[in-house]
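Under my numbering, residues 938 to 1140 are what the sequence shown spells out, in order. Below: one structure, written as structure tokens.
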Amino acid sequence: MANQGPSYGIVASIKQKRAETYDVALESAIQKWIEAVLQIKFPSNFQASLKDGVILCKLANALRPNSVRKFDTGTNLKPFRMMENINAFLKACVALGLHQNDCFVTVDLYEGKNMNTVLDTLQLLAKHAKSMTGYKGPNLDDLYRSPSQSVYQEEIEKAQVTATGPSQSYSKPPSSSYSSASVTPEAPSNDDNETIEVSVEFD
């Protein structure tokens, strides 16, 4: 994210809360989804890789050709060109079927001010892509395991251990030093009662 200097008071508190609620697992899943759709690897971290809008414009065109008819590429784009690319992607999202209110604003991504909203938009786009004609890309749900799902799975595993109990091993009790016994059951007779012959030998 962009360096914006220290924050104080309520601004610092808001940033802290956003950082605490940021879903790193979702970020990772969305990155994998984009990489799979475009058959690329992000050159840097999530925000830095998307900041210039180039990957996002390519993503929109991969979902529907010519969604973004013109965008700037290159390694040394001027800031206003990067923001134009991001804006072009956001317009494409609306054209693809997302609601305007579901889209982040340019500075959320470019300045890294609200990456939670960026994740929300990209998650909605990934889910919407499944219903688009001709889409054969990966399913984001197969790549994402939410923190609540992880906690739920851990609770299930703990409950299973509690229900079954720890594994136990038993050893044969030592034989008596003064006696041994053998039990030999006879074959069942026609009577209702069984007869069991027991022989005991003493040293």
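Idealized CB from N, CA, C, for every residue including glycine.
Distance between residue j and residue i (C-alpha atoms, nearest Å)
i, j, result
"Q968", "Q1037", "22 Å"
"R1006", "F979", "23 Å"
"T1043", "K1064", "21 Å"
"L1077", "L1062", "10 Å"
"D992", "N1022", "Looking at the sequence itself, residue 992 is Ile, so the reference to Asp does not match. Rounded to the nearest angstrom, the two C-alpha atoms are 9 Å apart."
"D1045", "L1059", "13 Å"
"A1029", "D1079", "25 Å"
"N1051", "P1002", "29 Å"
"Q984", "S1068", "27 Å"
Minimum C-alpha distance to residue i - residue among the options
i, options, result
"E1048", "L1000, A1063, M1020", "M1020"
"A973", "I1023, A962, A999, Q984", "A999"
"Q976", "L1080, D1079, G1074, R1082", "G1074"
"T1070", "I971, L996, R1082, L1033", "L1033"
"I971", "V961, Y959, L987, T958", "L987"
"D1039", "R1082, T1054, S1068", "T1054"
"L1017", "A997, L1027, G990", "Leu is not the amino acid found at residue 1017; the sequence shown has Phe there. The candidate whose alpha carbon is nearest that of F1017 is G990."
Residue i classed as buried or exposed, judged by whether at least 16 other C-beta atoms fall within 10 angstroms
i, result
"T1010", "exposed"
"Q1086", "Residue placement at Q1086 cannot be trusted, given a pLDDT of 48 that sits under 50; the coordinates are not used to answer."
"A1066", "buried"
"F1008", "buried"
Coarse secondary structure for residue i, derived from DSSP in three states
i, result
"H1065", "helix"
"I992", "helix"
"K1007", "coil"
"E1021", "helix"
"P1016", "helix"
"Q976", "coil"
"T1054", "helix"
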